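For reference, the structure is listed below as structure tokens.
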Amino acid sequence: MLVLSLIALAVIGVAFAAASYDRGVHWHPNLSITRNGSPYTVPADIGIVSSLWKDHSLDQYGIGMAPLHTHDTSGTIHVEVNTSHRDFTLHEFLAIWGQPSDGSAIDGHPVTSLTVDGVQQASPTSDVVLKDGQKIVMTLSP
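Numbers 1 to 142, taken from our numbering, label the letters of the sequence shown in order.
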């Protein structure tokens, strides 16, 4: 009986430890940018290659690359972080890319509107907490 009790306690302890371990997150919001009605390409390798990795303030949350990065030009932002206890934002992604961290412009073109999951934001420079599957649309002036 004592052996069974010890085994039960060990199983409960392992289950508790596994449940409390923070595995982080790997989410995929999508950023679409338009200028003059045409798609504006979000570059591949933002947060991976040094020319597109300007802000290193979040490096502690990454896994050898910026915790917010792109792999291709699809606009998919990879939120690959080692914690689920912190929100990460569009403005932080823009800072990593080397854009103004207030979300005011992309490559010098002012942001005129911002839509998240089909909802127009009150300000084109509103910050957005990144979520899995989210659709973010920024419109730039000419």
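Ideal Cβ placement from N, Cα and C applies to all residues, glycine included.
Values in this document were obtained by computation on a predicted structure and should not be read as measured data.
If you look at Leu90, you'll find it isn't in any beta strand (DSSP E); it sits in the alpha helix (DSSP H) that goes 90–97. Under the three-pair Cβ rule at 8 Å, the region 119–132 counts as touching the region 91–108.
By alpha-carbon distance to Leu114, the top candidate from Leu68, Thr83, Ser57, Thr34 is Thr34. Close CB contacts of Val137 within its chain, under the 6 Å cut and outside five residues either way in sequence, are with Ser32, Thr115 (chain order). DSSP, read as helix, strand or coil, puts Ser51 in helix.
When only Cα atoms are considered, Glu80 and Phe88 end up about 10 Å apart.
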